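Numbering (my numbering), first residue to last: 413 to 659.
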């Protein structure tokens, strides 16, 4: 697949951005790096004039074609490989990599999959709840003297590494993966049956589900894999209720 076609499969998702100017500057950065698909999740009421002023007329088409969604799950639902950005680390978060380390994976994934680059709000970033959708987490290295990076600058840095990786893609590729919508349906079934058999603590079921999400995110589940796991969950639930045969 040609470089431009690869980049068509990569979208930028801004979750709860605060400022119209930053959205416009993000569109301009995307245009510089060959990215064209912009999605705004849980956005506010933004001045189109301000967005386009910061985008300049060269990237105003990205603003015109931007897609707005009511929630993050909806924004991510069609994507098969999701990369989140964060400046914070901790035991509740998966290990992070640099943009350069993940760019090659993104290009490999984009050959057969839709890829989402997820960025949080300017003041709060992405929460643990937001990051649970992600297959990979990225932290942009900065000076300890000042670690805060403007939203559009973060998009530019990420886009630059992907653009470079797409110029000389490796022959390897990532197989077609399950979509976020399919994966979330699987987690819902898994959580339900694990609660039913007493494996999860009903007071805090998400604590262990976080670890299951990390495990499955490393495996690269296909749509068939997801169907098999959901089928197993249905069969367990069926058997628990004393039924025989297939549900």
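For every residue, glycine included, the Cβ atom is placed at its ideal position computed from N, Cα and C. Predicted, not measured: the structure shown is a model, and the values here were computed from it.
In the DSSP assignment, what are the bridge partners of residue i?
| i | result |
| --- | --- |
| residue 596 | In DSSP, residue 596 forms no bridge with anything. |
| residue 497 | 550 |
| residue 453 | 427 and 481 |
| residue 537 | 533 |
| residue 509 | 550 |
| residue 638 | DSSP lists no partner for residue 638. |
| residue 528 | 423 and 494 |
Among the options, which has the Cα closest to the Cα of residue i?
| i | options | result |
| --- | --- | --- |
| residue 490 | 606, 624, 422 and 562 | 422 |
| residue 543 | 558, 576, 623 and 522 | 623 |
| residue 425 | 603, 600, 637 and 566 | 566 |
| residue 646 | 609, 632, 627 and 581 | 609 |
| residue 631 | 600, 652, 587 and 593 | 587 |
| residue 644 | 628, 614, 602 and 497 | 602 |
Which residues in the same chain have their Cβ closer than 6 Å to the Cβ of residue i, if we skip the five residues on either side of it in sequence?
| i | result |
| --- | --- |
| residue 672 | No information on residue 672 is available, as it lies outside the stretch 413 to 659 that the chain covers here. |
| residue 606 | 612 |
| residue 506 | 549 and 626 |
| residue 532 | 427 and 538 |
Return the chain-ordered list of same chain residues with a C-beta closer than 8 Å to the C-beta of residue i, the five sequence neighbours on each side being excluded.
| i | result |
| --- | --- |
| residue 660 | Given a span of 413 to 659 for the chain in the structure shown, any question on residue 660 remains unanswerable. |
What does a CB cutoff of less than 7 Å around residue i pick up in its chain, not counting 5 residues either side in sequence?
| i | result |
| --- | --- |
| residue 499 | 537, 551 and 559 |
| residue 591 | 489, 490, 491 and 492 |
| residue 572 | 445 |
Is residue i close to chain E? Criterion is C-beta to C-beta, closer than 9 Å.
| i | result |
| --- | --- |
| residue 574 | Going by chain labels, chain E is absent from the structure shown, which holds only one protein chain. |
My assumption, with CB atoms under 8 Å, is that residue i sits in contact with residue j. Please give the rounded CB distance.
| i | j | result |
| --- | --- | --- |
| residue 583 | residue 519 | The pair is not a contact, with the Cβ atoms about 11 Å apart (cut-off 8 Å). |
| residue 594 | residue 638 | 5 Å |
Determine, using beta-carbon pairs with one atom in the region 430 to 440 and one in the region 465 to 483, whether at least three such pairs fall under 8 Å.
With a cut-off of 8 Å, the region 465 to 483 and the region 430 to 440 count as touching, because enough Cβ pairs lie within range.
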